[in-house]
Structure formats: C-alpha cells, structure tokens
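J.: Letter by letter, the sequence shown follows residues 1 to 421 of full-length UniProt numbering.
Just so it is clear, CB atoms sit at the ideal spot from N, CA and C, and this is done for glycine as well.
First, the structure itself, so that you have it in front of you.
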Amino acid sequence: MKEIYATLDIGSTTLKLVVAEVISANVNILFSSKVTSHGVRKGVITDAEALVEDIKKVVREADEELNTTITSVGLVLPSINARIYQGDGITKVNNANDKITIDDVIRALKLSTRFQRNRDEEIVSTIPIHYALDTKSTDKLPLGMRSASLKVDSMIVTSKKKFFYGYLEAVEKAGLELLDVTIDAYASALEAFDEAYLKEGAILIDIGCYSSTVSFYEDGYLKYIAQANTGGYDLTKAISEKWWISMDKAERYKIKYGTCEKNVGDDDVIHTNKVDNEVVNYTQQDLSDVLREAVEGMMEEIKTKIDVINDGRSYETVIVGGGGELPSLDVIASSVLNAPVRCYRPETIGVRDMSYVPALGLLYYLNDRKEFLGNNVSLTLPDISSTMNIRLKGFTKAKDESKTPKRKLKRVLENFFSDDE
C-alpha cells in the first residue's frame with residue numbers, strides 16, 4: 001500500500017498545496033500548486049472568506065488534475081505565536097506480556113502535556129523525541145518492545161487559541177478535515193536538515209514576505225524560536241524607494257533580474273526614469289547594489305535574534321523561504337552572521353522552490369506519525385501506479401453524501417489534549 005498525503009501551507013502572499021507519495025526518505029510529487037493568498041497578512045487572517053475561497057481554488061485544481069476528491073489535509077501553521085515546551089510522561093504498559101503498543105505511547109504523550117500554560121494557549125502538536133524503557137532507551141518508536149513501564153520525552157508546540165482556531169475554521173469551511181498540524185519552523189527543519197544536524201545543533205532562517213523566523217534545533221528539539229520584523233517585502237520596498245517606482249514594478253524587477261552577485265549586467269538597462277527632467281538609466285548592476293545593501297540590513301536584524309543563542313559554538317545555518325530566493329544571498333548572510341550559511345532549495349521535481357520547504361517537510365512529519373494517524377480510505381487513481389489500488393490519506397474517489405461524516409474540526413491525536421483517561 002502507498003501512503004499519499006496532501007499538505008497545505010498558508011502564507012501571507014501565497015498558498016501552497018502539495019500532494020505526494022512518501023516512501024521511506026523519498027517523495028514522489030503527484031501535484032503541486034502555489035496561488036496568491038488574499039486573506040492573510042503578516043500571518044494573521046484578515047479576511048476569512050477570501051482565505052476559504054483560496055483554499056477551495058487550489059484544492060479544486062488538484063481534484064481536477066488527479067481526478068479525485070481531497071477530503072483532508074495536513075496543515076502548516078505560521079510560527080508567529082508559537083511557544084515551545086519540553087515535557088515527559090510515564091505510564092505502565094497495559095499488556096499481559098509487557099509489549100508496548102501505540103496506546104501506551106499515546107497515553108505517555110498525553111501525560112507529558114500536563115503542565116501549566118497560559119489560558120490563551122492551545123496545543124498545536126505533541127512530538128515524541130525520546131523513549132525510555134526499563135532496560136534501554138531509544139529515539140525510535142518502541143512498538144512491540146518489552147517493558148513494564150514507558151517514559152516519553154516530548155516537545156509540545158502551542159499557539160494562541162484565537163490565532164490557531166482561525167486557521168482550523170478556514171480549513172473546515174473549505175470542506176476539509178485535518179490529518180495533522182505543526183508549525184512551519186519545525187516542518188521546514190525536517191526537510192532542510194539531516195537528522196544528525198537536529199541533534200548536534202542547527203539554525204534555520206525562514207525568510208517570508210513581512211517577517212522572518214529564526215529557529216534553533218539541538219538534541220532533536222526545537223529549543224528556540226523568534227520572529228525578525230524583516231522579509232522579502234523590505235527588499236522590494238528598497239527598490240521602490242531607490243528607483244522611485246511602484247511596489248508592483250519593483251517586485252517584478254526583483255523576481256526577473258534580482259541578484260546579490262557583484263559585477264553583473266552593468267551595460268544592460270532594465271529601467272529608465274526621469275529625475276529632475278533628466279533621464280536616468282538603471283542596470284542590473286544597479287539593482288544588485290540596492291539588493292545587496294537591503295539584504296545586509298535584513299541579515300543584521302536577523303542576527304540580533306541569533307545572538308540570543310550566544311554559546312560560542314558554530315552551527316549549521318540554512319536559509320529557506322520565498323523571501324530568500326536571490327542568487328548569492330547566502331554570501332551576504334555568511335558575511336553578516338560571520339558563519340557559513342547556505343540557502344536550501346529542494347531538489348524534488350515539481351517543488352524546486354524555497355517556498356515549498358514547509359509543505360515538503362510536513363509530508364515527512366505525517367509519514368513519521370503514520371502509526372498515530374491510522375489508515376483512511378483506499379482508491380484507484382487513473383494513470384498513476386498502473387491503476388493499482390493505493391491507500392490515499394486525505395482523498396476519496398467519489399463523494400457519497402450518505403456516507404460522508406459530518407465535518408468537524410478534527411485533529412489527529414486529539415485525545416492528547418483531553419483530560420480524560
């Protein structure tokens with residue numbers, strides 16, 4: 001059986017949907033699309049109806065291309081209100097032969113969430129990091145292993161209730177159920193870093209439109225997260241102000257000609273303007289000069305967030321996000337941060353774009369948690385996999401209103417967040 005997931009990443013400027021099959025460490029993209037997002041600004045939903053229509057639009061596009069109907073998705077939640085906690089839960093193994101089952105793991109994870117937090121916080125995801133048994137410990141899910149007790153060390157991600165529920169309601173009103181959810185910072189790390197870096201220490205910089213997220217990983221945990229009030233919008237604004245042009249035109253120039261490389265296109269005029277009755281020609285080199293200065297300022301702001309870590313060590317540092325799509329941006333970042341920095345662009349066919357990193361990472365997140373997710377429906381996709389029956393999470397071949405369950409704000413592992421035993 002093949003495990004196929006649909007993941008939805010709602011950003012301030014674009015909304016991304018990816019449908020893919022995950023086999024071990026490999027991803028086979030079946031569908032990907034990026035549409036303009038109209039209902040979100042700086043991560044906050046400003047027009048719920050517009051957002052719902054955007055979701056419906058991109059899902060319809062996938063339905064038509066794959067000749068199926070998406071009924072549920074994994075959701076990438078913006079990190080702007082996220083808080084990170086470490087917890088642990090200990091439980092007896094409820095099995096006559098002391099073999100650990102998924103119910104034991106869920107029970108321990110549920111207990112790990114019992115700590116005091118603000119009243120306006122809601123748990124977004126509970127992620128197992130390490131398992132301790134009677135005679136051994138492991139980072140792998142210990143199903144079938146023998147132990148009289150089980151301790152699970154976990155990472156708990158929370159967000160503000162109003163913020164979180166707004167995204168859940170948008171997904172629900174678009175006619176979808178939720179497979180699972182986590183924040184973009186953690187999802188991106190699963191795609192951009194090898195597991196070893198998440199243990200040894202790594203820094204992720206996600207450059208968005210209006211803001212950038214800085215996150216630090218060590219021992220498998222997301223240990224630090226912060227928002228820098230700078231992003232791709234500031235680079236566009238710098239062009240607009242320097243060249244006295246509209247933001248729309250500045251954005252087009254940035255996308256088409258933008259680079260942080262030196263000594264490029266000094267003779268190629270890309271824009272002409274009249275200043276004090278004099279014609280002024282702007283070349284790609286002029287554009288590069290503006291962008292390099294703006295990127296330097298952006299990285300200085302980001303550096304203030306990284307400096308909080310300040311333990312004297314050098315960490316693998318990676319830039320992701322649509323706002324970082326500029327050649328040689330990593331060169332300037334390395335200079336400002338005084339550390340090796342690389343931009344990560346996925347190599348997977350169909351999603352070779354830095355803005356797709358969170359949606360891709362969520363695919364691995366869902367696949368890692370398939371023991372918790374369980375199995376949904378089976379179907380046949382025409383022209384895919386030689387018409388073999390495949391297990392498709394989040395899809396159904398045809399709508400049958402008599403069998404379709406009532407829509408709910410459904411989340412995987414919802415019993416984690418209940419106080420009932």
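If we count the other Cβ atoms within 10 Å of its Cβ and call it buried at 16 or more, is Q116 buried or exposed?
T.: In the sequence shown, residue 116 corresponds to position 116, counting from 1. The residue is exposed, with fewer than 16 neighbouring Cβ atoms inside 10 Å.
J.: On the three-pair Cβ rule with 8 Å, is the segment 29-48 touching the segment 206-219?
T.: Result yes; three or more Cβ-Cβ pairs closer than 8 Å.
J.: Does the Cβ-Cβ distance between A170 and I55 come in under 8 Å?
T.: The residue you call residue 170 lines up with position 170 of the sequence shown. The residue you call residue 55 lines up with position 55 of the sequence shown. Yes, Cβ-Cβ distance for A170 and I55 is below 8 Å.
J.: Any contact between the segment 235-243 and the segment 99-106? By contact I mean 3 or more CB pairs, one from each, below 8 Å.
T.: no
J.: Helix, strand or coil, according to DSSP, for A6 in the structure here?
T.: In the sequence shown, residue 6 corresponds to position 6, counting from 1. It is a strand residue.
J.: So what's M145 in DSSP terms, helix, strand or just coil?
T.: As a position in the sequence shown, residue 145 is number 145, starting the count at 1. Coil at M145, not helix or strand.
J.: Residue 443 bridges to which residues according to DSSP?
T.: No information on residue 443 is available, as it lies outside the stretch 1 to 421 that the chain covers here.
J.: Less than 8 Å between the beta carbons of L326 and C260, yes or no?
T.: Within the sequence shown, residue 326 is the residue found at index 326, counting from 1. Within the sequence shown, residue 260 is the residue found at index 260, counting from 1. Yes.
J.: If I measure Cβ to Cβ from S386 and keep anything under 7 Å in the same chain, skipping five residues before and after, which residues do I get?
T.: Taking the first residue of the sequence shown as 1, we reach residue 386 at position 386. Residue placement at S386 cannot be trusted, given a pLDDT of 31 that sits under 50; what the coordinates show is reported in the next sentence. Answer for S386: no residue qualifies.
J.: Run through DSSP, which three-state label would P346 get?
T.: The sequence position of residue 346 within the sequence shown is 346, counting from 1. It is coil, neither helix nor strand.
J.: Going straight from the alpha carbon of V19 to that of D276, what length do you get?
T.: Mapped onto the sequence shown, residue 19 falls at position 19. Mapped onto the sequence shown, residue 276 falls at position 276. When rounded, the distance between both Cα atoms is 53 Å.
J.: Look at the Cβ atom of L176, then the Cβ atom of S72, and state whether they are nearer than 8 Å.
T.: Walking along the sequence shown from the start, residue 176 turns up at place 176. Walking along the sequence shown from the start, residue 72 turns up at place 72. Yes.
J.: Please return the same chain residues whose Cβ sits closer than 7 Å to the Cβ of K303, not counting the five positions on each side in sequence.
T.: The count along the sequence shown starts at 1 and reaches residue 303 at position 303. Same-chain partners within the cutoff: V336 and L337.
J.: Looking only at DSSP bridge pairs, what is D180 linked to?
T.: For the purposes of this step, residue 180 is identified with residue 180 of the sequence shown, where counting begins at 1. The partner list for D180 (beta bridge, DSSP) reads G74.
J.: What residue from T36, I319, S12 and K140 has the CA that sits closest to R342's CA?
T.: The residue given as residue 342 occupies position 342 in the sequence shown. Shortest Cα-Cα distance from R342 to any of T36, I319, S12 and K140 involves I319.
J.: Please name the residue, chosen from A174, S137, L30 and D88, that lies closest to L51 on a Cα-to-Cα basis.
T.: Position 51 of the sequence shown, counting from 1, holds the residue named residue 51. Comparing Cα positions, the closest option is A174.
J.: Let me know the secondary structure DSSP gives N281 once reduced to three states.
T.: Residue numbering aside, residue 281 sits at position 281 when the sequence shown is read from its first letter. Correct three-state label for N281: strand.
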